[in-house]
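Chains as they are written, first to last, in full-length UniProt numbering: chain B, 1 to 212; chain G, 1 to 257; chain X, 1 to 220. Beta carbons are placed, not taken as given, at the ideal position from N, Cα and C, and that holds for glycine.
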Ligand SMILES: Nc1ncnc2c1ncn2[C@@H]1O[C@H](COP(=O)(O)OP(=O)(O)O)[C@@H](O)[C@H]1O
Ligand SMILES: [Mg+2]
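Below, the structure written as structure tokens:
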């Protein structure tokens, strides 16, 4: 009857998948948002299309395209690598939109003031606008991390041995089928709630400080 | 509209020993006040002196810590709990106009005025609409009946809010700084509606910084500080010759603005 | 290759189309049922009494905290363990309804909270009962404020419906996957399925954007 032990065994992999995809998404999201704000119409349109496609397609479908569609042909992708590519790219698109929203939230006057002072584009972003935008972006990023934690359950379908996957095996091999699922639900809630708390806390704190 | 059976000598609104505490801070401190039918009482005083809290206690938006409120001869003891029935009875007799209008933005101007009549007084839709149109006519906004509040200027919104309160045929109208959120010229339209209302004999308590309005229209001026009434009397007398030092400082401060 | 691809797509399309209809059915049903329950929970979790409020909030947090895939599998593979057995279609509707209820409850609650307190005070001062104030003032405005977010959520739940393939429901992804398994043309058929999903989600999010902009202009 050690359902708890079995299901807990999937936690490290769930956390690893979530953290890796988030990291990949955070970096690639910067690339996408830069493209989205580029001076070139072509680059802007392309970035926007990529973002819209990645956000519009169900994550499970994209994951299947990566794993079964691409990864089983000429290139062989391990389930973990396919998971990171699939959920990492989707994260990049969502995080790019979060970044973009936070850049829009920075007052126009800040760009104008930086220009008037003769600061270059890079300096303007890294020293003036970026730091202000980060405060706005952080609560949204934490919220995305929570979604990603839950979406990581999808990678069980391509054979990554995380929580959902070990839960399924446990349910199949043991007679009692409800208990493992209830335990899995409880574990996801337990993992997500500190993040939810953090997000609410940051939102309150950062919005107070940011207020004029 | 006012109650003809009440003798002029008997107050239409009587407040006895009213206090309100927030934690250990006393916002209104043992205030007593009688208002005669048709009387217009203006209240002035520095910010934080308890003017809004006093008004909000009169229609029990805040429940007072102690005191008794009598409207039209029916007393409501307000030490702690007031029954739902008493609450509704009292609010029907007291109309309130807020600094921020508080119209319902999803309803048209006409529905804003008619809905409470239907729900609170049980009037039919036709009856309510007829009364609403008459009031809109009176405040000069008949043409706005089918607009939504966000499409009206602040002055127009406040006049609608006055009509909405009047539609329930209150015995007393309370105004909490009705023009403070408005540009001066929009404030004037609102003040002129209030002046007209006073001329028609409505009993009114008006918290305001409009010293001209207070001296021209009010029958009595009350000065509040620290939750107490520190001075009251004929408006012109109080304004020209204040007896209390704090009144003098306050009056010169608002004149200097 | 391109002509043969188009031929294949033409051959697969009817099955995928049937799948899409199933996806839309489970999504629509779950949204309607979930929204009604969600509105109820939004009101309960804004209640004055803590005895009502806290259990409601707890249930909502549980529903939001677990992945939709866990909800689906719990209902379909888990509940038979305690004697409750569903077919794939009702199991999907039950699971997605519960998920929808939990999320929409929170979205509506935020909408209700965004109605300015001054308007409730005005309703009080006019002598409207609490029920009337909720019915005529707070709920209509709260729902309007929540509408764009609710529609955004509807798009999300349509995407989530793809997970029902794991219960063997012949919805869009399920059909694509079984065609893929039979033909080993996973990439082609999955891309086509993806395009069908996008044909719904992209115009829908474009509509939501427009609505959001129009409403914010109207209210501001
Ligand atoms: N809801 C409340 N909770 C705590 N303190 C309050 C509340 N409302 C008013 N106060 C306090 O009561 C005092 C009187 O406030 P108020 O009646 O608004 O004054 P005025 O309208 O004269 O500016 C102030 O010190 C204010 O901070
Ligand atoms: Mg005040």
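At least one CB atom of chain B sits nearer than 8 Å to the CB of residue 186/X. As a beta-bridge residue in DSSP terms, residue 21/G pairs with 26/G. Counting only Cβ-Cβ distances below 9 Å, residue 9/B has no contacts in chain X at all, with the closest Cβ about 16 Å away. Chain X has no Cβ within less than 8 Å of the Cβ of residue 197/B. Ligand 1 has no heavy atom closer than 7 Å to the beta-carbon of residue 149/X.
Runs of the beta strand (DSSP E) lying entirely within the segment 164–192 of chain G, each at least 3 residues long, are 172–176 in chain order. Residue 174/G and residue 96/G have their alpha carbons spaced roughly 5 Å apart. Under the 8 Å criterion on CB atoms, residue 119/X is classed as interfacial with respect to chain G. Distance between residue 188/B and residue 204/B, taken at the CA atoms: about 24 Å.
For residue 164/B, the three-state secondary structure derived from DSSP is helix.
In terms of Cα proximity to residue 117/G, the closest of 119/X, 111/X and 132/X is 132/X.
When CB distances to chain G are screened at a threshold of 8 Å, the residues of the segment 133–156 of chain X falling below it are 136, 137, 140, 141 and 144, in chain order. Assigned with DSSP and collapsed to three states, residue 159/G falls in helix. For residue 16/G, the beta-bridge partners assigned by DSSP are 68/G. Residue 81/G counts as exposed, since fewer than 16 other beta carbons sit within 10 angstroms of its beta carbon. Those residues whose C-beta sits under 5 Å from the nearest heavy atom of ligand 1 are, from N- to C-terminal order along the chain, 22/G, 27/G, 47/G, 48/G, 49/G, 50/G, 51/G, 52/G and 53/G. Using a Cβ-Cβ distance cut-off of 8 Å, the segment 62–76 of chain X and the segment 181–200 of chain B are in contact, since at least three pairs of beta carbons, one from each stretch, lie closer than that value.
Cβ-Cβ distances below 7 Å link residue 12/X to 179, 189 and 192 in the same chain, with the five nearest sequence neighbours on each side left out; the list follows chain order.
Using a Cβ-Cβ cut-off of 7 Å, residue 96/G is close to 125 of chain X, given in chain order. Neighbourhood of residue 78/X in chain B, by CB distance below 9 Å: 171, 177, 178, 179, 180, 181 and 182, in chain order. For residue 13/X, no chain B residue has a Cβ inside 9 Å of its Cβ, as the nearest lies near 16 Å away. Residue 69/B sits buried, since 16 or more C-beta atoms from the chains shown fall within 10 Å of its C-beta. When the Cα atoms are used, residue 49/X and residue 42/X turn out to be separated by approximately 14 Å. Remark: C-beta atoms of residue 176/G and residue 232/G do not approach each other more closely than 8 Å. Rounded to the nearest angstrom, the gap between the Cα atoms of residue 19/X and residue 162/X is 10 Å.
Between residue 140/G and residue 190/G, the C-beta gap is not smaller than 8 Å, which leaves the two residues out of contact. Separation of the CB atoms of residue 214/G and residue 42/G is rounded to 4 Å, and the pair is thereby assigned contact status at 8 Å. Looking at the DSSP output, residue 96/G shares a beta bridge with 174/G. Taking 8 Å as the cut-off between beta carbons, the residues of the segment 163–187 of chain G near chain X are 164, 165 and 168, in sequence order. Between residue 44/X and residue 52/X, the C-beta spacing is below 8 Å. Comparing alpha carbon positions, the residue from 80/X, 89/X and 7/X closest to residue 175/B is 80/X.
With a cutoff of 7 Å, residue 176/G counts as near ligand 2, since its C-beta is closer than that to a heavy atom of the ligand.
Contact between residue 71/G and residue 40/G fails: their C-beta atoms lie close to 17 Å from each other, not under 8 Å.
For the 8 Å CB-CB criterion, residue 116/X and residue 211/X do not form a contact. For residue 88/G, the closest alpha carbon among the candidates 111/G, 104/G and 119/G is that of 119/G. Interface with chain X (8 Å Cβ-Cβ cutoff): residue 88/G is included.
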